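Line by line, the protein sequences give chains A and B.
Residue 1 is where the first sequence starts when you use UniProt numbering, and the numbers rise one by one after that.
Residue 1 is where the second sequence starts when you use UniProt numbering, and the numbers rise one by one after that.
Beta carbons are placed, not taken as given, at the ideal position from N, Cα and C, and that holds for glycine.
Just so you know, these numbers come straight off a predicted model, no measurement behind them.
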Amino acid sequence: MVAISPDSAPTVQGWDRGTQARRVTLLLVVALGVVSVFSLTVGAAGTSPWAVLADMIAGREVALADRVVLFEIRLPRLVLGALVGAALAVSGAVMQGLFRNPLADPGLVGVSAGAGLGAITAIVLGGLLPAGLAAALGYYAVPVAAFLGGWAATLVLYGIATRRGRTSVATMLLGGIALGALTGALSGILVYMADDAQLRDLTFWGLGSLAGATWAKLAAAAPLMVLALVAAPMLARGLNGLALGEAAAFHIGIPVQRLKAVAILTVAGATGAAVAVSGGIGFVGIVVPHLLRLATGPDHRYLLVNSALLGAALLILADVISRIVIAPAELPIGIVTAVLGGPFFLWILLRKRGVLDL
Amino acid sequence: MLEARGITVRLGRRAVLCGVDFEARAGHLTAIVGPNGSGKTTLLRALTGDLSHGGRVRLNGQDIADLRPWALAGLRGVLPQATPMAFPFTAAEVVRLGLTGGVEAGAAGLVPQALARVGLAGFEGRYYQELSGGEQQRVQLARVLAQIWEPVAHGAPRWLFLDEPVSSLDIGHQLQVMGIARDFADRGGGVVAVMHDLNLTAMFADRVALISEGRVLGLGQPGAVLRNDLLSTAYRCPIRVNTPPARGTYLLPHAAGRVAAE
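See below:
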């Protein structure tokens with residue numbers, strides 16, 4: 001019998017990419033630790049976390065300014081950055097698995113657009129709220145509205161795409177694009193109505209920023225993001241099966257309808273909360289899962305965890321860069337992720353051309 | 001035992017299947033044949049639980065509508081006509097997906113075994129999308145085999161459903177795949193295969209169901225169903241069945257009308 005030699009074709013060495021993926025997980029944990037420490041040391045105030053730590057260990061009184069800078073400004077900002085980065089990257093990975101398309105992204109199916117419409121509505125029409133309610137919402141008005149917008153968009157989309165308990169992915173993609181266009185147009189009308197001060201707010205919200213992170217703001221958005229991040233790894237086996245198509249996924253024992261419902265809720269929760277607290281931070285949801293798929297393959301058991309870690313580390317790093325390039329002023333983080341992520345993504349595309357179509 | 005009673009499937013207003021009764025036994029390879037659009041694949045999809053339909057399907061005495069997806073996956077595997085994969089999975093990773101169903105998770109050693117079974121030993125690290133159509137089809141068969149590796153589990157037969165399993169294969173691999181299906185049945189499992197090739201059906205099937213326009217024209221042993229009159233009616237063309245004296249297989253189809261015209 002003639003043995004067919006697979007040597008000439010591209011193969012995966014040792015064919016078990018799981019070991020490799022677990023090594024990457026370890027590496028990413030270390031990287032996340034390093035950028036987190038780095039993020040705590042960098043800032044306009046020149047506070048050193050090491051000096052503060054030494055003071056605390058020695059039982060000395062920590063200067064009030066240092067304490068505020070470290071614990072009330074830098075730490076919540078660090079945690080928010082990590083959560084938002086992880087939420088955006090995992091949302092992207094789950095959505096791509098759900099749609100079986102590496103280009104799918106919450107931005108694509110109108111979830112981000114819905115959240116954006118919510119935020120813009122709050123900024124432009126917030127003044128029309130009854131004074132009592134406005135005062136009660138206060139600082140939360142924009143995040144709450146953005147979050148509600150993201151959820152509403154997902155629910156409408158799900159209603160359009162689901163008939164008798166079955167979700168059509170094609171209808172959902174097309175419906176999402178239409179919904180995105182519609183919410184974009186409504187947002188445009190609101191922007192047209194806005195006055196100069198509101199336009200300035202809108203622009204900064206739209207560029208995305210982690211500035212202004214507080215424990216209170218974090219407490220409002222964190223539970224949803226944490227819930228989504230905990231739920232995501234449970235979807236891994238189902239999303240792997242879904243790569244075979246819905247029918248074959250059902251054949252290997254995956255409750256497809258339930259999987260889709262949970263995946264959609266996960267994405268809506270994570271994206272809505274992330275957009276609410278940080279505005280439009282692009283590229284994380286597409287670039288992070290894509291890089292990891294190139295490195296260790298598309299197995300969601302590793303992809304989702306590694307996406308969360310890499311997304312968190314990258315966003316913290318981008319935030320550090322946004323704080324130092326034009327210090328003491330800050331660059332909106334959305335600009336940093338786009339300026340760094342765009343060319344890097346193009347470079348990967350050019351280098352891996354051909355392999356990406358696999 | 002696989003028993004289907006009164007299977008009715010409508011797509012829009014058109015009834016694709018009207019009150020079809022069907023049965024298959026463990027240890028048998030049961031072929032479903034019929035012309036294009038007759039409802040063969042629809043019947044298979046009703047039997048595997050993919051389609052909502054009127055009527056009842058019982059597998060080993062259990063109504064499949066009452067079984068959860070994972071329980072059903074431990075009982076039957078399904079090979080679709082073609083399976084395009086999203087994302088660059090390797091052949092081994094595709095086969096391993098079959099282990100998420102009824103098979104115990106520790107059976108990773110099954111992956112190279114299943115690939116070797118379909119003649120693809122050494123293909124573990126190859127990217128699925130880079131394989132030929134026939135190789136992809138055999139990788140998928142390896143995945144299905146990994147899912148229901150033992151034809152009999154806990155004393156009950158498992159079931160292998162095949163939807164035109166050889167349509168993208170050359171003749172050597174057609175015989176190989178049909179041989180694997182035959183072997184699965186011989187070891188006590190049940191096989192139900194939608195077939196286009198009547199010669200292969202005659203060679204490998206224990207029982208044949210002939211479907212035409214959403215109804216069963218005949219269900220029984222090949223000799224009882226693959227007859228000139230039934231086939232000619234179903235396929236709307238004159239067909240003659242030849243029985244060579246040396247072996248008990250039938251050579252089909254023979255376009256008798258064309259010969260007569262010459």
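request  = Kindly indicate if chain A contains any beta-carbon less than 8 Å away from that of T41/B.
outcome  = no
query = So which residues of chain A does P151/B contact, with C-beta pairs closer than 7 Å?
reply = None at all; the shortest Cβ gap to chain A is about 17 Å.
query = Do the CB positions of L117/A and S187/A come within less than 8 Å of each other?
reply = yes
request  = Could you pull the start and end residues of the alpha helix (DSSP H) that D55/A belongs to?
outcome  = P49 to A58
Given V336/A as reference, the closest of Q20/A, T154/A, F283/A and A295/A once Cα atoms are compared = F283/A
query = Out of curiosity, what's the CA-to-CA distance linking P243/A and V42/A?
reply = Before going on, a small fix: residue 243/A reads as Ala here, not Pro. Taking the straight line from one Cα to the other gives about 43 Å.
key: V20/B classed as buried or exposed, judged by whether at least 16 other C-beta atoms fall within 10 angstroms   = By the neighbour-count criterion, in which 16 or more other beta carbons inside 10 Å mark a residue as buried, V20/B falls on the buried side.
key: Residue ranges of each alpha helix (DSSP H) within the stretch 141-199 of chain B, 4 or longer   = 171-186
Contact set between the stretch 227-253 of chain A and chain B, restricted to residues whose Cβ is under 7 Å from the partner = R237, N240, G241, A243, L244, G245, A247, A248, F250, H251, I252 and G253
key: Three-state class that DSSP yields for L356/A in the structure shown   = Any answer about L356/A is weak, because its pLDDT of 46 lies below 50 and its placement is not dependable; what the coordinates show is given next. The answer is helix: DSSP assigns L356/A an H, G or I state.
Alpha-carbon spacing of V262/A relative to F204/A, whole angstroms = 33 Å
query = Going by DSSP, which residues form a beta bridge with V216/B?
reply = I211/B
ask   = By Cβ distance, which residues of its chain are closer than 8 Å to A115/A, with the 5 residues on each side in sequence left out?
value = A146, F147, G149, G150, A153, T271, G272, V275 and A276
ask   = Got a sec: is the Cβ-Cβ distance from R293/A to anything in chain B below 8 Å?
value = yes
request  = Mind checking which residues open and close the beta strand (DSSP E) that includes F344/A?
outcome  = First-last for F344/A: I333 to R351, but that is the alpha helix (DSSP H), not the beta strand (DSSP E).
task = Within the same chain, show all residues whose beta-carbon is closer than 6 Å to that of V288/A, passing over the 5 residues directly before and after it, in chain order.
result = A89, S307, L310 and G311
request  = Kindly indicate the opening and closing residues of the alpha helix (DSSP H) around V57/B.
outcome  = Not the alpha helix (DSSP H): V57/B falls in the beta strand (DSSP E), residues G54 to L59.
query = Between which two residues does the beta strand (DSSP E) harbouring L79/B extend?
reply = R76 to L79
ask   = chain B partners of G297/A, CB-CB under 9 Å?
value = F87, P88, F89, T90 and E93
ask   = With a cut-off of 8 Å, does the C-beta of N306/A fall near any C-beta of chain B?
value = no
query = What three-state label does DSSP hand I316/A in the structure shown?
reply = helix
request  = Figure out for me which residue from I32/B, L2/B, G27/B and E3/B has the closest Cα to the Cα of G214/B.
outcome  = I32/B
key: Option in L2/B, A185/B, A209/B and M195/B with minimal Cα separation from G27/B   = A185/B
inquiry  = Relative to the C-alpha of G109/B, which candidate in M85/B, Q137/B, A142/B and G133/B has its C-alpha closest?
reply    = Looking at the Cα atoms, A142/B is the closest of the given residues.
request  = Check the Cβ-Cβ distances between A102/A and every residue of chain B, and say whether any is below 8 Å.
outcome  = It is worth fixing the name first, because residue 102/A is Pro in this sequence and not Ala. It does; some Cβ of chain B falls within 8 Å.
query = Under 8 Å, do G134/B and D170/B count as touching if we go by C-beta distance?
reply = yes
ask   = How many whole angstroms separate the CB atoms of V192/B and L47/B, which I take to be in contact at a CB cut-off of 8 Å?
value = 6 Å
ask   = Rounded to whole angstroms, how far is the Cβ of residue 285/B from the Cβ of G220/B, which I believe are closer than 8 Å?
value = Past the boundaries of the shown model lies residue 285/B; chain B is included only from 1 to 262, so the question cannot be answered.
request  = Give the range of the alpha helix (DSSP H) segment to which R67/A is assigned.
outcome  = For R67/A, the enclosing alpha helix (DSSP H) has its first and last residue at L64 to R67.
inquiry  = Does T8/B come out as helix, strand or coil in the three-state DSSP assignment?
reply    = Reduced to three states, the DSSP call for T8/B is strand.
query = Out of I211/B, S232/B, A4/B and R25/B, which has the shortest C-alpha to C-alpha gap to A65/B?
reply = A4/B
request  = Name, please, each residue of chain A whose Cβ falls closer than 9 Å to the Cβ of V225/B.
outcome  = Within chain A, no residue comes near V225/B; the closest Cβ sits about 28 Å away, beyond 9 Å.
ask   = Does the Cβ of T242/B have 16 or more other Cβ atoms within 10 Å, making it buried, or fewer, making it exposed?
value = Correcting the residue type first, residue 242/B is Asn in the shown sequence and not Thr. Counting Cβ neighbours within 10 Å, N242/B comes out exposed, since fewer than 16 surround it.
message = Strictly below 9 Å CB to CB, what residues from chain B border P255/A?
response = Neighbours of P255/A in chain B, taken as residues at a C-beta separation under 9 Å, are given in chain order as R68, P69 and W70.
ask   = By the criterion of Cβ-Cβ separation under 8 Å, what are the contact partners of V16/B in chain A?
value = The contacting residues do not exist; V16/B stays about 17 Å from chain A at best.
key: Sufficient close CB pairs (3 or more, under 8 Å) joining the stretch 92-99 of chain A to the stretch 313-325 of chain A   = No, because fewer than three Cβ pairs between the stretch 92-99 of chain A and the stretch 313-325 of chain A fall closer than 8 Å, the two stretches do not touch.
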